[in-house]
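Student:
In the working numbering, the protein residues as written are 25 to 263.
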């Protein structure tokens, strides 16, 4: 599932006439960066939620000319945030585990062919011990990320990943959530009706020892505002 329904207020004025998903980085719309990564990792079907400039986004998706196949989850009537969007889309997602991806992350991947960060995250996923598996980036060196980090990562699965704990009261943590995770479509089934965030579910899972993650081998660009967009373009151009 690709979460593309947000208003993109921090990205203005670039989102005055388009959804954030259609802001371009290095000549390619943000949503295409994400969909192409998913397609390269074997995803054949993607649900995309829409709200702001929904018609323009749907038109763009209909002319992509490459996979994954796109299914629309329509949030025109109400913007549902991350958790509410996943809950609404669950009937479209099937019974198996799903990638859930934001559209404001662009990254380079140092993994060998067939061993991308998304493939590594998929290998980490084990529903018998996990509720969700998150892809993380090292805070140092990240472009466009502000703050003290999100998570500490235990080394209880050497070479693969480990359990996550939230930063809590610590001044900083070494890893940031970089916008992609795996969970079951029904993960938020007991969430409220209407808008709500995934964060509360992650905190509940972390407290139960069922929130895991692995770390990107590459460079992460959080494209949250026009300045971060420019920095990401410079990075991708080798600047």
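For glycine and all other residues, C-beta sits at the position ideal for the given N, C-alpha and C.
Kindly identify the DSSP beta-bridge partner or partners of residue 185.
Tutor: Residue 185 sits at position 161 when you count from the first residue of the chain shown. Answer by DSSP bridge pairing, in chain order: 181.
Student: Could you check what DSSP says for residue 48 in three-state terms: helix, strand or coil?
Tutor: As a first step, residue 48 must be located in the chain shown, where it is residue number 24. Three-state DSSP puts residue 48 in a strand.
Student: Taking the straight line between their C-alpha atoms, what separation do you get for residue 120 and residue 25?
Tutor: Against the chain shown, residue 120 aligns to sequence position 96. Against the chain shown, residue 25 aligns to sequence position 1. Near 12 angstroms, if we compare the C-alpha coordinates of residue 25 and residue 120.
Student: Any beta carbon from chain B within less than 8 angstroms of residue 192's own beta carbon?
Tutor: Of the protein chains in this structure there is only one, and it is not chain B.
Student: Name the residue from 101, 74 and 201 whose alpha carbon lies nearest to the alpha carbon of residue 95.
Tutor: If you number the chain shown from 1, residue 95 lands on position 71. The option with the nearest alpha carbon to residue 95 is 74.
Student: Would you grab the beta carbon distance between residue 161 and residue 199 for me? Rounded to a whole angstrom, and I think it's under 8 angstroms.
Tutor: Position 137 of the chain shown, counting from 1, holds the residue named residue 161. Position 175 of the chain shown, counting from 1, holds the residue named residue 199. Yes, residue 161 and residue 199 are in contact; Cβ-Cβ is about 7 angstroms, under 8 angstroms.
Student: For the 8 angstroms Cβ check, are there 3 or more pairs between the stretch 126-133 and the stretch 48-57?
Tutor: Yes, the stretch 126-133 touches the stretch 48-57.
Student: Give me the Cα-Cα distance between residue 180 and residue 145, rounded to the nearest whole angstrom.
Tutor: The residue labelled residue 180 in the question sits at position 156 within the chain shown. The residue labelled residue 145 in the question sits at position 121 within the chain shown. Taking the straight line joining both Cα atoms gives about 15 angstroms.
Student: Can you find the residues in the same chain that come closer than 7 angstroms, C-beta to C-beta, to residue 208, ignoring five residues on each side of it along the sequence?
Tutor: Here the question's residue 208 lines up with position 184 in the chain shown. For residue 208, where only same-chain residues beyond five positions count, the Cβ hits under 7 angstroms are 121 and 151.
Student: Please work out which residues of its chain come closer than 7 angstroms, Cβ to Cβ, to residue 203, disregarding the five sequence neighbours upstream and downstream, and give them in chain order.
Tutor: Along the chain shown, one-based indexing puts residue 203 at 179. Only 125, 126, 128 and 129 meet the Cβ criterion.
Student: DSSP on residue 240, reduced to helix/strand/coil?
Tutor: As a working note, residue 240 is residue 216 in the chain shown. Residue 240: coil per DSSP, three-state reduction.
Student: Out of 252, 228, 213 and 178, which one is the CA nearest neighbour of residue 110?
Tutor: As a first step, residue 110 must be located in the chain shown, where it is residue number 86. Of the listed residues, the one whose Cα sits closest to residue 110 is 213.
Student: Tell me the start and end of each unbroken beta strand (DSSP E) in the stretch 45-133 that is at least 3 residues and wholly inside, in chain order.
Tutor: Counting whole runs of 3 or more residues, the stretch 45-133 contains the beta strand (DSSP E) stretches 69-74, 93-98, 122-126 and 129-131.
Student: Going residue by residue through the stretch 181-236, where are the continuous alpha helix (DSSP H) segments of at least 4 residues, counting only ones entirely within it?
Tutor: Here the runs fully enclosed are 223-231.
Student: Per the contact definition of three or more C-beta pairs closer than 8 angstroms, is the stretch 98-108 in contact with the stretch 61-68?
Tutor: With a cut-off of 8 angstroms, the stretch 98-108 and the stretch 61-68 do not count as touching, because too few Cβ pairs lie within range.
Student: Where does residue 166 fall in DSSP's three states?
Tutor: Within the chain shown, the letter at position 142 stands for residue 166. Residue state, collapsed to three classes: coil.
Student: Among 28, 36 and 29, which has the Cα closest to the Cα of residue 252?
Tutor: Taking the chain shown and counting its residues from 1, one reaches residue 252 at position 228. Cα-wise, what sits closest to residue 252 is 36.
Student: On a CA-only basis, which of 33, 46 and 157 is nearest residue 211? Give me that one, please.
Tutor: Translated into the one-based positions of the chain shown, residue 211 becomes position 187. For residue 211, the nearest C-alpha among the options comes from 157.
Student: Whole angstroms are fine: how far does the CA of residue 201 sit from the CA of residue 106?
Tutor: For the purposes of this step, residue 106 is taken as residue 82 along the chain shown, with counting starting at 1. For the purposes of this step, residue 201 is taken as residue 177 along the chain shown, with counting starting at 1. Cα to Cα, residue 106 sits roughly 14 angstroms from residue 201.
Student: Hey, residue 279 and residue 237: beta-carbon distance below 8 angstroms or not?
Tutor: One cannot answer for residue 279 here, as it falls past the ends of the chain, which runs 25 to 263.
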